[in-house]
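Chains as they are written, first to last, in this note's numbering: chain A, 1 to 112; chain B, 1001 to 1111.
What follows is the structure, encoded as structure tokens:
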């Protein structure tokens, strides 16, 4: 069974630009969560999607958004990038919400 | 204030030594999960503990869930360099709909 796939693995963007990250969950998993990981803040919850609906949202500004498609694939978008958005963005999939989470390798975003 | 506090934050030990890391909260969790993360990779699930007082073993790793389901510990026996990584605890506190992650313990095992 294939694991969680995140694309791209690495990304360099300029301040003010926008970026879209993609996550393909494990086959059969319908819940997808996104996390931001930085050395200073650790793993911070961004949002969770289940059956194309956002169930929860963390304490991040509106520049961070996401969506889930009917095949459970998910994307997250960050607009008007700031230097502080540089981080490892992790996607996790679960069969259903609040069950064990399986992570992808992450997308390393660098904002310059 | 973090919902899940892990200690110690950093730990550097010699190969063959034993160690324990802790995950503490003032909130009750319906379950707690432990993950290990290596540099540049996503966290990998090690174990889930569900019942208060539960003990689970995974080779040289022993996980325990506190009786009150507010804390957990991870004990590693005879640590090896391959155990090096960031250890994270996580769980959904009562009534929450998403996982909260602990502050992490960064373990280095020196050959």
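We treat Cβ as the ideally placed atom computed from N, Cα and C, and that holds for glycine.
Buried or exposed for residue 1058(B), going by 16 or more other Cβ atoms inside 10 Å?
Exposed, since its Cβ has fewer than 16 Cβ neighbours within 10 Å.
Figure out for me which residue from 1091(B), 1092(B) and 1055(B) has the closest Cα to the Cα of residue 1075(B).
That would be 1055(B), whose Cα lies nearest to the Cα of residue 1075(B).
Considering Cα atoms alone, identify which of 8(A), 16(A), 24(A) and 86(A) is closest to residue 80(A).
Ranking the options by Cα distance to residue 80(A), first place goes to 16(A).
Quick one: list the residues of chain B neighbouring residue 105(A), beta-carbon separation under 7 Å, in chain order.
Within chain B, the residues near residue 105(A) are 1041 and 1042.
Does the beta carbon of residue 2(A) come closer than 7 Å to any beta carbon on chain B?
Taking Cβ atoms only, chain B never reaches closer than 7 Å to residue 2(A), which makes this a no.
Just curious, the beta strand (DSSP E) that residue 1073(B) is in, first and last residue?
Start and end: 1071 to 1076.
Using a Cβ-Cβ distance cut-off of 7 Å, determine whether residue 56(A) contacts chain B.
Judged by the 7 Å Cβ criterion, residue 56(A) is in contact with chain B.
Which value, in whole angstroms, describes the spacing of the CA atoms of residue 983(B) and residue 111(A)?
No answer is possible for residue 983(B): it lies beyond the span of chain B, which begins at 1001 and ends at 1111.
Taking any Cβ of chain B, which residues in the region 77 to 99 of chain A have a Cβ under 7 Å from it, in chain order?
Cβ contacts with chain B: 90, 97 and 98.
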